[in-house]
Amino acid sequence: MVDNYAVFGNPIAHSKSPRIHTLFGEQTGGAVEYGAICSEPEEFAQDAMMFLVAGGKGCNVTVPYKQEAWELADELSDYAARAKAVNTLAFSEDGTMVGYNTDGIGIVRDLQQNHSIALQGKRILLLGAGGAVRGVLQPLLEAQPASLFIANRTASKALELAQDFAEFGKVSGGGFADIDGQFDLIINGTAASLQGELPPLPAGCLAADGCTYDMMYSAKPTAFVAWGRAQGAAQSLDGLGMLVEQAAEAFFIWRGVRPSTAPVLAQLREELSRQ
């Protein structure tokens, strides 16, 4: 028997998830089929239910349906409930849908395990206040940084987000003009750098030996990765590792086995370099 999984989104043709989960299946010896389904606006819930009825075991959800998946789920993990966004749905035999958010787990594992970047006791600057940032805040704060500042063009959104997650650690928010001091880690949680745009960061905001991390990725360095290198970052990273690590957590939720991410990440990086 082949177990069927899929990723839902719009657009979705660019998604690396089918490739990642196919490699995970090959590595773990599981009979896995993983597809990509483009849901039209207001059809996601129906499409997800049809996939479940057809025997699907679970699915991933990406832009723009993570909040709809949160609303659709019968049960929620702690991270998903707090983030108000779901990127992984697991379907039980009785038809129950359990929603998870594995994005924060993905970024923390990529930073700490793949790149040996310590988070405890560090000053973190997180750019943006959208769904991507909301999805990673709790796991980042649970890693016990000294402080985390959320900077956003609309300061009120950053302030509201900081209040929502205040119980997990020292977090504050404001506009880009409110960025003060130097940071050990600057994370870009916006998609702007894929279009060659950068937020208005003040000069000197990256500490000596500090690192930068773009949650986006592309075949060539994103504008934010290039900025980090120009600032002399000890490491200037993109989000491909986060993508692979969050996928591995979803795979573990579905199948009870945790794949090895290093060879999959290396394979994807090689394939990207050939594009």
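Each residue of the sequence shown is one higher than the last, beginning at 1 in UniProt numbering.
The beta carbon of each residue, even a glycine, is placed where N, CA and C say it ideally should be.
All of these numbers come straight from a predicted model, not from anything done at the bench.
Asked                                                                                                                                                            : Found
Any beta carbon of chain D sitting closer than 8 Å to that of Asp74?                                                                                             : Any reference to chain D falls outside this structure, which holds one protein chain only.
Confirm, please, whether the CB-CB distance from Gly181 to Pro145 is below 8 Å.                                                                                  : no
Run the CB neighbour count on Gln163, radius 10 Å, all protein chains shown included, and call it buried at 16 or more, exposed below.                           : exposed
Along the beta strand (DSSP E) that carries Tyr5, what are the first and last residues, could you check?                                                         : Asp3 to Gly9
Could you compute how far the alpha carbon of Ala191 sits from the alpha carbon of Ser218?                                                                       : 11 Å
Kindly provide the ranges of any alpha helix (DSSP H) runs that are 4 or more residues long and lie completely inside the region 45-99, ordered along the chain. : 66-72 and 78-83
Comparing alpha-carbon positions, which option in Leu201, Phe44 and Gly241 lies nearest Gly175?                                                                  : Leu201
So is Gln246 buried or exposed if we call it buried at 16+ other beta carbons inside 10 Å?                                                                       : buried
Three-state secondary structure (DSSP) at Gly256?                                                                                                                : coil
In terms of residues, what are the limits of the alpha helix (DSSP H) holding Ser156?                                                                            : Ala155 to Asp164
Quick check on the burial criterion: 16 or more other C-beta atoms within 10 angstroms. Buried or exposed for Glu26?                                             : exposed
What do you get for Glu271, buried or exposed, if any count of 16 or more other CB atoms within 10 angstroms of its CB means buried?                             : exposed
How about Val171 and Ile150: do their beta carbons lie closer than 8 Å?                                                                                          : yes
So, with DSSP's three-state summary, where would you put Gly130?                                                                                                 : coil
Which ranges does the beta strand (DSSP E) cover as unbroken runs of at least 3 residues, wholly within the region 163-250, from first to last along the chain?  : 171-174, 183-188, 206-214 and 235-237
Assuming Ile105 contacts Glu249 (C-beta within less than 8 Å), just tell me the rounded distance between them.                                                   : 5 Å
Could you give the DSSP three-state label for residue 319: helix, strand or coil?                                                                                : There is simply no residue 319 to check, as the chain begins at 1 and stops at 275 in what is shown.
For Gly204, which of His14, Pro18, Gly232 and Ala143 has the nearest alpha-carbon?                                                                               : Gly232
Look up Glu40 in the DSSP assignment and say whether it is helix, strand or coil.                                                                                : coil
Use the C-beta contact count for Arg229: other C-beta atoms within 10 angstroms, 16 or more gives buried, fewer gives exposed.                                   : exposed
Considering just the uninterrupted stretch of the alpha helix (DSSP H) at Ser273, what are its terminal residues?                                                : Thr261 to Ser273
Is there contact between the region 79-91 and the region 62-69, where contact requires at least three CB pairs shorter than 8 Å?                                 : yes
On the CB-based measure, 16 or more other CB atoms within 10 Å of its CB, does Val53 come out buried or exposed?                                                 : exposed
Buried or exposed: which applies to Ala6, given that a residue is buried once 16 or more other Cβ atoms fall within 10 Å of its Cβ?                              : buried
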